[in-house]
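In what follows, a single structure is set out as structure tokens and then discussed.
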Amino acid sequence: MLRTPRFVLPLLLAGALAACGGNDRDKQIDTQFPLQKHYQTTIDSIVPPFAAAHPKVSEDKIQSVVREHFTFEEYRTDMHKLYGKEHFNDAEFEQIAGYMKDPAKAQQLGQTPDTKALGEKLNGYMMETARDENLRKQATERVQAINEELDKIEKK
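Residues -21 to -1, 1 to 135 (mature numbering (1 follows the signal peptide of the UniProt record, and there is no 0)) make up the sequence shown, in order.
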């Protein structure tokens, strides 16, 4: 059986962030962030461990199963929570939005002296979420459900 801890964190972080975002900010996130690209990047990072554990299942099928258990709408809602006004003021949000337009550039957030504090703040919210026992349980259940479905497919 696949060792769950290896890839629960991406699901956990992306799958259930605990905070609240505002309506105006939600619209800004929807228009300024390429959420679909970031969602795909998240899915792409989740698929390889499942593919290693289920070599008889195609990566396309694995991706489809992962998407069933972690939808774009869930991801979008989580991003609204993470980047909401409760966590970031308007100036911080604008700085983040500049980086989030490109998934590759987004990984550089916090790597420069100008963005180090902001990157640490963002990372802090993500780590806070990762320590939440209820969210860990939810992510573990999600991973188990994906594995069970892939096991069934593999046995066909």
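Ideal Cβ positions, reconstructed from N, Cα and C, are used throughout, including at glycine.
Fair warning: this is a prediction, and the values are worked out from it, not measured in the lab.
Thinking residue i and residue j are a contact (beta carbons under 8 Å), I'd like their distance in whole angstroms, please.
i   : j    : result
H59 : I8   : 6 Å
L14 : R55  : 6 Å
H33 : L129 : 4 Å
Please identify the residue among the options whose C-alpha is closest to the C-alpha of residue i.
i           : options                : result
H16         : L61, R46, D81 and K35  : It is Lys, not His, that sits at residue 16 in the sequence shown. K16 has its Cα closest to that of D81, out of L61, R46, D81 and K35.
E99         : Y54, D130, H66 and L14 : H66
K95         : E71, R55 and E127      : E71
Q11         : E73, Q117 and S24      : E73
residue 160 : G63, P27 and I22       : Outside the displayed range of the chain (-21 to 135) lies residue 160, so it cannot be described from this structure.
D3          : E52, F51 and Y62       : Y62
A76         : L101, E128 and Y54     : L101
V26         : K135, N126 and D69     : N126
A118        : A31, Q19, K35 and E53  : E53
Go ahead and pull the three-state DSSP assignment for residue i.
i     : result
A(-4) : Per-residue confidence for A(-4) stands at a pLDDT of 38, beneath the threshold of 50, marking its modelled position as unreliable; no derived number is given.
Q11   : helix
M58   : helix
T20   : helix
P34   : coil
L129  : helix
G89   : coil
D5    : helix
K116  : helix
K84   : helix
K135  : coil
Taking residue i as part of the alpha helix (DSSP H), name the residues at either end of that continuous run.
i   : result
S43 : E38 to H48
N68 : Looking at the DSSP string, N68 is not in any alpha helix (DSSP H), and its letter there is neither H nor E.
G98 : K95 to A109
Closer than 8 Å, CB to CB, is residue i near chain B or not?
i    : result
L129 : Of the protein chains in the structure, only one exists, and it is not chain B.
TODO: Indicate whether the contact test is met: 3 or more Cβ pairs, each with one atom in the segment 39 to 52 and one in the segment 101 to 115, closer than 8 Å.
DONE: Verdict: no, contact absent.
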